[in-house]
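Have a look at the structure below before the remarks.
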Amino acid sequence: MKFLLIGGGAREHAMALALKKNTDVELYSVMGNKNPGILRLSEKVLQVKETELERIREFAVSNKIEIAVVGPEASLGAGISNLLGEVGIPTVGPKKELALIETDKEFCRNVMAEYSIPANLTYACFNDFEEACAYVDSYNGELVVKPVGLTGGKGVKVQGEHLKNKEDVKVYIREVLERGIGGGRVVLEEKALGEEFTVQAFVDGSNVIPMPAVQDHKRAYEGDTGHNTGGMGSYSMVDGLLPFLTTEDYNFAVDVIKKTVMALKNKTGESYRGILYGQFMKGSEIKLIEFNCRFGDPEIMNVLTILKSDFSELCRHIVEGGLKGAVFSELATVCKYVVPEGYGFNPPPPCEIEVNEGAIADEGANLYYAVVNEKNGKLFTTTSRAVAIVGVADSFEEAEKIAEKAISHIRGEHIYHRRDIGTRELIERKLRNMEKFIG
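Note that the working numbering gives residue 535 to position 258 of the sequence shown, counting from 1, and the numbers run on in steps of one.
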């Protein structure tokens with residue numbers, strides 16, 4: 278079966294590896310960079326931006342693609358599923374009008390409110406600066422400022438963390454509106470406190486098959502400090518839960534995802550087919566922070582690394598219907614990203630890195646190339662994340678050790694990673710944080 282994969286990061290490398298576990302799969306890829314991991318697995322590659330939809334459609338048609346699998350939200354938001362559908366190519370990824378659940382934060386909150394979906398936050402949306410300021414002045418509590426549209430996970434700023442006070446909130450609102458960040462409209466949300474967690478699900482329009490819970494780490498530096506990034510690493514546990522997450526919590530999150538799938542069908546008349554990602558905050562209660570219309574990055578590496586089911590068959594059932602379940606190994610995972618110094622705000626020019634793939638494999642770790650470029654047999658960083666390493670073991674402690682040892686086999690100037698992700702010390706700190714809310 279011929280699959281088209283769109284995207285050139287570690288998320289897409291993970292999907293490529295999962296698809297190619299089925300020897301009947303022929304992989305054709307579209308990406309903006311030259312990801313060496315995906316290149317090796319592909320029959321043919323088109324190197325263009327993932328939003329050049331007409332070029333992608335031509336490539337898909339000429340290669341007689343049977344199913345497309347989309348990684349980046351920008352492609353889905355631009356309408357790649359709609360365009361490929363017009364030429365009879367089904368896509369693992371929702372149509373543009375359904376992708377709004379991620380690409381338009383106002384749409385997301387309004388759908389949750391309209392259909393009384395639990396876990397919604399108190400919110401208000403503005404494109405007028407004075408009206409937004411009046412809301413800030415009248416609001417009793419701290420706020421989160423979010424541009425309505427896509428910002429690559431880096432546009433959100435939190436009062437009390439990135440923004441010291443209400444005046445800082447107003448300054449950032451003005452910046453979003455005047456510079457047109459994320460579309461030039463802003464969502465102000467109540468600040469949810471607690472610990473974040475992610476639940477992702479395979480969706481075929483009616484059936485929702487959830488994956489193990491994962492905790493991502495957005496902050497750039499150890500101790501969860503610094504600016505927000507696209508994600509520095511993540512972990513999952515043997516039982517599919519997290520140290521602070523109960524079965525009841527997990528089931529509640531899954532129910533929110535299921536209710537949202539049904540609400541989107543009622544709202545748009547279209548069936549959601551693809552991956553639906555829910556990021557939640559557990560404090561005194563559970564709140565929905567955001568939905569994504571695709572796999573999380575890095576969270577995909579945690580779940581696909583331990584997926585026992587045939588990923589290509591899951592993709593086929595997503596587009597055809599009839600999803601029945603997915604089987605995951607009962608193992609813990611720790612994912613750590615190696616990134617260029619200054620990632621997220623001021624990265625250096627491209628630097629050569631050396632990745633000893635054999636030594637990494639000998640450590641028992643999994644390697645996923647992210648946004649790197651291969652030139653004349655050498656690897657170079659870009660402005661984004663470079664390499665993801667995943668350790669898998671019977672305990673998170675052992676998985677973390679495997680990941681850390683493997684990273685020692687990646688060398689280069691001006692690169693770093695968070696050593697604390699997946700360590701007992703950091704997880705215990707998160708548990709102490711939860712005690713403030715649950716006693």
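Glycine included, each C-beta is placed from N, C-alpha and C at the ideal position.
Taking the runs of the beta strand (DSSP E) that are 3 residues or longer, which of them lie wholly in the stretch 404-478? 420-424 and 463-467
Name, in chain order, the residues that DSSP records as bridge partners for residue 617. 692
Determine, using beta-carbon pairs with one atom in the stretch 490-503 and one in the stretch 466-481, whether at least three such pairs fall under 8 Å. yes
Uninterrupted beta strand (DSSP E) stretches inside the stretch 595-682 (no shorter than 3 residues): 609-617, 629-632, 643-646, 650-652, 655-657 and 664-670
Unbroken alpha helix (DSSP H) run spanning residue 339, endpoints: 330-339
Secondary structure, alpha helix (DSSP H): runs of 4+ residues fully inside the stretch 507-559: 524-545
With distances taken from CA atoms, which of 608, 288 and 662 is nearest residue 516? 608
Going by DSSP, what residues sit across from residue 401 in a beta bridge? 465
Nonlocal neighbours in the same chain, by C-beta distance under 7 Å from residue 710, ignoring five residues either side: 472
With DSSP collapsed to three states, give me the class of residue 345. strand
Are at least three pairs of beta-carbons, each pair with one atom in the stretch 566-576 and one in the stretch 547-556, less than 8 Å apart? yes
What residues match up with residue 486 in a beta bridge as DSSP calls it? 479
Assuming residue 386 contacts residue 397 under a Cβ cut-off of 8 Å, what Cβ separation, rounded to an integer in Å, is found between them? 7 Å
Which of the three DSSP states is assigned to residue 396 in this structure? coil
According to DSSP, is residue 297 helix, strand or coil? helix
Nearest candidate by alpha-carbon position, reference residue 332, set 311, 351, 357 and 316: 357
So if DSSP puts residue 496 in a beta bridge, which residue, or which two residues, is it bridged to? 505
Quick check: the stretch 664-678 against the stretch 606-620, are at least 3 beta-carbon pairs closer than 8 Å? yes
N- and C-terminal bounds of the beta strand (DSSP E) containing residue 308: 303-308
Taking all protein chains shown into account, do 16 or more other C-beta atoms lie within 10 angstroms of the C-beta of residue 510, making it buried, or fewer, making it exposed? buried
Would you kindly work out how many angstroms separate the C-alpha atoms of residue 656 and residue 378, rounded to a whole number? 36 Å
Where residue 582 and residue 514 are concerned, what is the direct C-alpha to C-alpha distance, given to the nearest angstrom? 13 Å
Under a three-way DSSP split, which group does residue 569 fall into? strand
So residue 498 and residue 699 are in contact, right, with Cβ under 8 Å, and what is the actual spacing, rounded? In fact, because the Cβ distance is near 16 Å, the residues do not count as touching under 8 Å.
Separation of residue 281 from residue 338, as counted between CA atoms: 10 Å
First and last residue of the uninterrupted alpha helix (DSSP H) at residue 382: 382-391
Using 10 angstroms around the beta-carbon of residue 622, count the other beta-carbons present and answer buried if the total reaches 16, otherwise exposed. exposed
Tell me where the alpha helix (DSSP H) around residue 580 begins and ends. 576-582
The ligand ZN heavy atom lying under 8 Å from the CB of residue 472: The ligand ZN is absent from the structure shown, which contains no ligands of any kind.
Cβ atoms of residue 343 and residue 389: under 9 Å apart, would you say? no
The alpha helix (DSSP H) with residue 279 in it runs from where to where? Looking at the DSSP string, residue 279 is not in any alpha helix (DSSP H); the run it does join, the beta strand (DSSP E), is 279-283.
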